[in-house]
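Asks: One structure is given below, represented as structure tokens, and several questions about it will come after.
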Ligand code: HEC
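Residue numbers (this note's numbering): 26 to 305.
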């Protein structure tokens, strides 16, 4: 069959027009749907909301053990320590609750977000530090168990049940999202591996006695307490995986990790937050 030349030209024009007019939000939504479909095929019948359980979607035994441990988590003392920091008034009388809408309830699903004035991705942990600085207090170090780790462990629980609600709504926000996405798919380190290689294509498979979790749902449940004890933040886990890829980790609150967190958080849009959880 011979295609009429004019038809081809029209098709080409339509295609390029579609590419040019796709708004930033549409591009990220297409990515999210593509990845949701990928996992629907990989894990048929698993409800979308279950992705907050990570690797446990592929192991009913691990999930049963998790539910049992979560009835009375061994890290309640850490959450309590975090609550005390959250509630203790600053020297000027201000509080963390005063820095957020609704006293910090149901806010975490909006983080990270892109901030036009600073041209930065702002994470929830950055917002905690900004709160301190706005009240004349010294900021906390990222990546430390105390105070930042336990504080975020408690503060994030105030948003449990909220659905992730990340926006990519401008060209500049899109640039940060794209930088995070590039990193997720980029092969790095001596193993020449990419985040996506494991958490998208090998999700559900076992590696060194561990089942690999899907990236869908990754952003919803931080921090984790490994073996019920070791507090690990989302970016702490990025560092750990990057070390396992035999590469030098970018480090807490680096632009690279903040952009990656922005991308991964967008993928989890619509999923319910469930913070401070047990992991093996
Ligand atoms: C060689 C395979 C591999 C690569 C590459 C890899 N990871 Fe992992 N990752 C793992 C394993 C194994 C675990 C522990 C089991 C699991 O997935 O929960 C893990 C855990 C995680 C978790 C915790 C999941 C949870 O629910 O507790 C996150 C988040 C994560 N990785 C993100 C990343 C990111 C981001 C990258 C790229 C910078 C990356 N990983 C690269 C193997 C990998």
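From the three backbone atoms N, C-alpha and C, an ideal C-beta is built for every residue, glycine too.
All values reported here derive from a predicted model rather than from experimental measurement.
Kindly indicate which residue of 181, 106, 85 has the alpha-carbon position closest to the one of residue 131.
Replies: Checked all of 181, 106, 85; the closest Cα to residue 131 is 181.
Asks: Whether or not the region 214–230 and the region 163–175 are in contact is what I'm after, with contact meaning three or more pairs of Cβ atoms, one per stretch, closer than 8 Å; do they touch?
Replies: Judged by Cβ distances under 8 Å, the region 163–175 makes no contact with the region 214–230, as fewer than three pairs qualify.
Asks: Report buried or exposed for residue 273, applying the criterion of at least 16 other Cβ atoms within 10 angstroms of its Cβ.
Replies: exposed
Asks: With respect to 7 Å, is the separation between the Cβ of residue 263 and the closest non-hydrogen atom of the ligand HEC below this value?
Replies: yes
Asks: Could you have a look at residue 116 and say whether DSSP puts it in helix, strand or coil?
Replies: coil
Asks: Between residue 284 and residue 205, is the Cβ-Cβ spacing less than 8 Å?
Replies: yes
Asks: Which first and last residues belong to the alpha helix (DSSP H) in which residue 151 is found?
Replies: Element bounds for residue 151: 149–159.
Asks: Could you name each continuous alpha helix (DSSP H) segment of 4 residues or more that falls completely within the region 167–233, going from the start of the chain to the end?
Replies: Here the runs fully enclosed are 175–182, 196–210.
Asks: Following a CB-centred definition, is residue 285 positioned closer than 7 Å to any heavy atom of the ligand HEC?
Replies: yes
Asks: Have a look at residue 178 and residue 233 and give me their C-alpha separation to the nearest angstrom.
Replies: 28 Å
Asks: Give the DSSP-derived three-state secondary structure of residue 94 in the structure shown.
Replies: helix
Asks: By Cβ distance, which residues of its chain are closer than 7 Å to residue 293, with the 5 residues on each side in sequence left out?
Replies: The beta carbon of residue 293 sits closer than 7 Å to the beta carbons of 189, 241, 242, 243, 244, 245 from its chain, once the five residues preceding and following it are set aside; these are given in chain order.
Asks: Is it buried or exposed, residue 95, if we count other Cβ atoms within 10 angstroms and call 16 or more buried?
Replies: exposed
Asks: Rounded to a whole number of angstroms, what is the C-alpha to C-alpha distance between residue 148 and residue 155?
Replies: 11 Å
Asks: Evaluate residue 265 with the Cβ neighbour count: other Cβ atoms within 10 Å of its Cβ, from every protein chain shown; 16 or more gives buried, anything less gives exposed.
Replies: exposed
Asks: I'd like to know whether the C-beta atoms of residue 299 and residue 135 end up nearer to each other than 8 Å.
Replies: no
Asks: Can you have a look at residue 114 and say buried or exposed, based on whether 16 or more other CB atoms are within 10 angstroms of its CB?
Replies: Per the 10 Å Cβ criterion, exposed.
Asks: Whole angstroms are fine: how far does the CA of residue 162 sit from the CA of residue 296?
Replies: 34 Å
Asks: Name, in chain order, the residues that DSSP records as bridge partners for residue 297.
Replies: 188
Asks: Which same chain residues, not among the five before or five after residue 152, have their C-beta less than 8 Å away from its C-beta?
Replies: Non-local C-beta neighbours of residue 152 in its own chain, meaning closer than 8 Å and more than five positions away in sequence, comprise 124, 125, 136, ordered along the chain.
Asks: Which first and last residues belong to the beta strand (DSSP E) in which residue 81 is found?
Replies: Taken as a continuous stretch (DSSP letters only), residue 81 belongs to no beta strand (DSSP E), as it is neither H nor E.
Asks: Strictly by DSSP, which residues pair up with residue 140?
Replies: 145
Asks: Buried or exposed, going by whether 16 or more other CB atoms sit within 10 Å of the CB of residue 304?
Replies: buried
Asks: Does the distance between the C-beta of residue 366 and the nearest non-hydrogen atom of the ligand HEC fall short of 7 Å?
Replies: In the structure as shown, the chain starts at 26 and stops at 305, and residue 366 therefore has no counterpart that could be examined.
Asks: Count the other CB atoms within 10 Å of the CB of residue 83; is the residue buried (16 or more) or exposed (fewer)?
Replies: buried
Asks: Give me the Cα-Cα distance between residue 53 and residue 192, rounded to the nearest whole angstrom.
Replies: The C-alpha of residue 53 lies about 9 Å from the C-alpha of residue 192.
Asks: For the beta strand (DSSP E) holding residue 280, just list the boundary residues, first then last.
Replies: Premise fails: residue 280 lies in the alpha helix (DSSP H), 280–292, not in any beta strand (DSSP E).
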